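Data block below; observations after.
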Amino acid sequence: MRAITALSIASDAIRAAVIADPYTDSPTIKHFQALPLPVGAVVDGEVVDAEVVTGLLKTLVQRFKFPRENTILVYSSRRMVFRETDFPYMSLADLRSTLPFQAKGMIPLPIEESELDFVPLSVVDDEQNGKQLHGILVATLRGGLEKTAYTAEEAGFVITSIDAGPFALARLFSDTNQAQTEAVVNINGNCTDVIVLNNGKPAYMRVVPSGADDVSDAIANALSISFEDAERIKNQIGLQNVTGDERLEKAEEVIRETTAQLIVGIRNTLNMYDVDHADSTISGIILTGTGARLIGLPPVLASSINKMVRIGDPFIRFKLSKEVERQNIVAHAVDLGGVLGLVIGKKPR
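Per the numbering used here, the very first residue in the sequence shown carries number 1118; after that it's consecutive.
Printed below as a string of structure tokens:
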């Protein structure tokens, strides 16, 4: 199969990779780019300033020669909902056509304004209800999803498929040879995805409605500075102890307080799974996403949730071209998981 373009439009940047031999055992990353976005151009996965975003997307084509004909898009939002559920056994086509009726009451979103899908995980025989399809119901607001896809199309990209970020990450970090349960914690700007993998397969997904940008916003408000300056301070000091500078000491205090709130959300989500699945509790965490860059976060998170934490390696399934090696793509490891996961597994329908 010819190379495809894998694309992400997030709150902080547009990230794209050209990948040869997608959906095989040895895909190759031929090119990649990360183009920073101004604050407010994309909010919670939805394009707000279409002119700015379209202009940068065109830069991928005009300056960096990215192909447009076969593009896959990864989408994440704090307004994306995942629910594990069972439906009566039927063909997936029939089930998907009835989702607007069957999903009522299952999700906290208006059904008529939502894009719905169901990802089957297994077939179960229920004595009371008969043969059932067990899987994950996925929902997100249609307006935000369509606007993001439309912006990419306005720049000339031909979108052939769109995937939810947590499913892309689940495929990327799955290891069916591991007889254990792990959770991928992906800290985005506006939200945090928690994906539980049981024996390498997705078993549970939730979106925690806070992320790395909440830390920067809190610093900006506390010090009366811009978001950009707050980002620089956050990246400079992280969760390290600061002394001798009253302003940075205040920033450190805010970082610790806001990060603690995020960790509570993550811990509660993990605990919910462990309580309901006492026979397959989570043994460790794979940490990724832009928020994973926060200095000192892995040991603090590990201590708070009492589980092993490691930074995920998104490149383990890929070959790297000399071009991306020269670009030091490994420095972008925590940022590219969603993009790279798009080409792992079966070709989308």
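Where is the CB? At the ideal position from N, CA and C, for every residue including glycine. Only a predicted model underlies this, so the values are computations on that prediction, with no experimental measurement involved.
If I'm right that residue i touches residue j with Cβ under 8 Å, what's the distance once you round it to whole angstroms?
{"i": "K1351", "j": "I1372", "result": "6 Å"}
{"i": "T1257", "j": "M1197", "result": "4 Å"}
{"i": "T1265", "j": "V1164", "result": "5 Å"}
{"i": "T1376", "j": "L1411", "result": "7 Å"}
{"i": "V1451", "j": "F1149", "result": "So it is not a contact: roughly 14 Å between Cβ atoms."}
{"i": "L1387", "j": "V1301", "result": "Wrong, their Cβ atoms sit about 11 Å apart, outside the cutoff."}
{"i": "Q1245", "j": "D1203", "result": "Not really, about 11 Å apart at Cβ, beyond 8 Å."}
{"i": "R1174", "j": "A1272", "result": "The residue you asked about is not Arg; residue 1174 is Leu in the sequence shown. The Cβ separation is near 4 Å, so the contact holds."}
{"i": "S1291", "j": "K1318", "result": "7 Å"}
{"i": "F1235", "j": "L1262", "result": "The pair is not a contact, with the Cβ atoms about 16 Å apart (cut-off 8 Å)."}
{"i": "E1369", "j": "I1354", "result": "6 Å"}
{"i": "V1170", "j": "E1345", "result": "Actually they are not in contact, since the Cβ atoms of V1170 and E1345 sit about 18 Å apart, beyond 8 Å."}
{"i": "G1401", "j": "K1424", "result": "6 Å"}
{"i": "P1144", "j": "F1432", "result": "About 11 Å; that fails the 8 Å criterion."}
{"i": "V1132", "j": "L1453", "result": "Note that residue 1132 is Arg in the sequence shown here, rather than Val. Contact flag correct, Cβ pair sits at about 6 Å."}
{"i": "V1275", "j": "R1185", "result": "6 Å"}
What residues are listed by DSSP as bridge partners for residue i?
{"i": "F1149", "result": "A1134"}
{"i": "E1299", "result": "L1314 and G1401"}
{"i": "E1163", "result": "V1160"}
{"i": "L1124", "result": "A1133 and L1190"}
{"i": "G1252", "result": "T1202 and P1237"}
{"i": "D1242", "result": "K1248"}
{"i": "E1168", "result": "None, per the DSSP bridge assignment."}
{"i": "I1304", "result": "T1309"}
{"i": "E1232", "result": "T1257"}
{"i": "I1428", "result": "L1404"}
Look up residue i in the DSSP assignment and say whether it is helix, strand or coil.
{"i": "L1173", "result": "helix"}
{"i": "S1400", "result": "coil"}
{"i": "R1323", "result": "strand"}
{"i": "E1370", "result": "helix"}
{"i": "G1247", "result": "strand"}
{"i": "L1379", "result": "helix"}
{"i": "S1278", "result": "strand"}
{"i": "F1435", "result": "coil"}
{"i": "L1258", "result": "strand"}
{"i": "N1385", "result": "helix"}
{"i": "L1453", "result": "coil"}
{"i": "P1415", "result": "helix"}
{"i": "T1265", "result": "helix"}
{"i": "D1391", "result": "helix"}
{"i": "Q1444", "result": "coil"}
{"i": "V1359", "result": "coil"}
{"i": "N1338", "result": "helix"}
{"i": "A1285", "result": "helix"}
{"i": "R1180", "result": "coil"}
{"i": "D1331", "result": "helix"}
{"i": "A1409", "result": "helix"}
{"i": "S1421", "result": "helix"}
{"i": "A1272", "result": "coil"}
{"i": "R1364", "result": "helix"}
{"i": "D1292", "result": "coil"}
{"i": "R1349", "result": "helix"}
{"i": "G1462", "result": "coil"}
{"i": "I1354", "result": "helix"}
**Report entry** In chain order, each beta strand (DSSP E) run of at least 3 residues that lies wholly inside the region 1185-1222
**Finding:** 1188-1192 and 1198-1205
**Report entry** Inter-stretch contact at 8 Å, needing at least 3 Cβ pairs: the region 1421-1431 / the region 1325-1334
**Finding:** no
Requested in this report: Count the CB pairs spanning the region 1298-1307 and the region 1173-1189 that are closer than 8 Å, and state whether there are at least three.
Outcome: no
Query raised in the report: Are there three or more Cβ pairs, one per stretch, closer than 8 Å when the region 1283-1290 is compared with the region 1444-1458?
Result: yes
Query raised in the report: Counting Cβ pairs closer than 8 Å, one from the region 1433-1450 and one from the region 1337-1352, do we hit at least three?
Result: no
Query raised in the report: Does the region 1187-1203 come close enough to the region 1223-1238 to have 3 or more Cβ pairs within less than 8 Å?
Result: yes
Requested in this report: Would you check if the region 1187-1195 and the region 1118-1128 touch, i.e. whether three or more CB-CB distances between them fall below 8 Å?
Outcome: yes
Requested in this report: Examine the Cβ distances between the region 1132-1150 and the region 1235-1243 and report whether three or more of them are shorter than 8 Å.
Outcome: Note that the region 1132-1150 does not touch the region 1235-1243; fewer than 3 beta-carbon pairs, one per stretch, sit closer than 8 Å.
Requested in this report: May I ask you to verify whether the region 1411-1420 touches the region 1387-1396, counting CB pairs closer than 8 Å and requiring at least 3?
Outcome: no
Query raised in the report: Are the region 1274-1285 and the region 1348-1363 in contact at 8 Å, needing three or more beta carbon pairs?
Result: no
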